[in-house]
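Mind the numbering: the sequence shown is residues 3 to 178 in this note's numbering, read in order. Each residue gets a CB set at the ideal place from its N, CA and C atoms; glycine is no exception. Working notes, structure below.
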Amino acid sequence: MFAGEAAYRDLGLDIVTYVPNGHPWQKAGRRVSPAHQRWEMTKLAVEDVPYFEASDVEVNRPGWTYTIDTLEMFPSDDEITLILGADAARGLPSWQRAEAVRKRVRIAIVPRPGDPRSDVDSLIEGWNYVWLDTPDVYLSGTMLRKRGRDGRSLRFLVREKVWAYIREHEVYRDGS
């Protein structure tokens, strides 16, 4: 939410759309939270923020979900900014049809401790990207899932309704 807010304000975006993965190909062989739970948490997270919305386009897509397939659903003249953490941006060259993704979007990168900008810059040279000006706060899905699996509180790290959903449905207790 923090990154979406920064991108919305700093880049003058019209709207920020959160798209939870259905079946993320880069996590093949690893346990992930069920898509329906990620969808429910996403809907709860964007509630009451008029310039945030949630899309279930990838959750409802069968098979592996690839960003390029989602991007191709938008009109070609839509200006799309893809918001990624520096850790995810490092992997852009390995994405399915990376060149098509590169040509289609501007990337807004959230700095992450442990991912020096110069390293990321060298990996995505030639891409249209900007670094978001955000405080050095390490908050990632991986970190949240680990805290949840360890039985540690996520309160104040996620929105209150999401925290309630995680507790009620024991989202991370099964090792996902």
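In this structure, DSSP gives E55 an extended state, which the three-state scheme calls strand. In the three-state DSSP reduction, W133 falls in the strand class (E or B). In this structure, the straight-line span from the alpha carbon of R119 to that of P113 is close to 7 angstroms. The Cβ atoms of P115 and D135 lie no closer than 7 angstroms to each other.
For L84, the enclosing beta strand (DSSP E) starts and ends at 82-87. Put simply, of W97, D79, R169 the residue whose alpha carbon is nearest the alpha carbon of W27 is W97.
Within the same chain, G24, V61 come within 6 angstroms of A37 by CB-CB distance, once the 5 residues on both sides are set aside.
The residue from A47, I109, L141 with its alpha-carbon nearest to that of T69 is I109.
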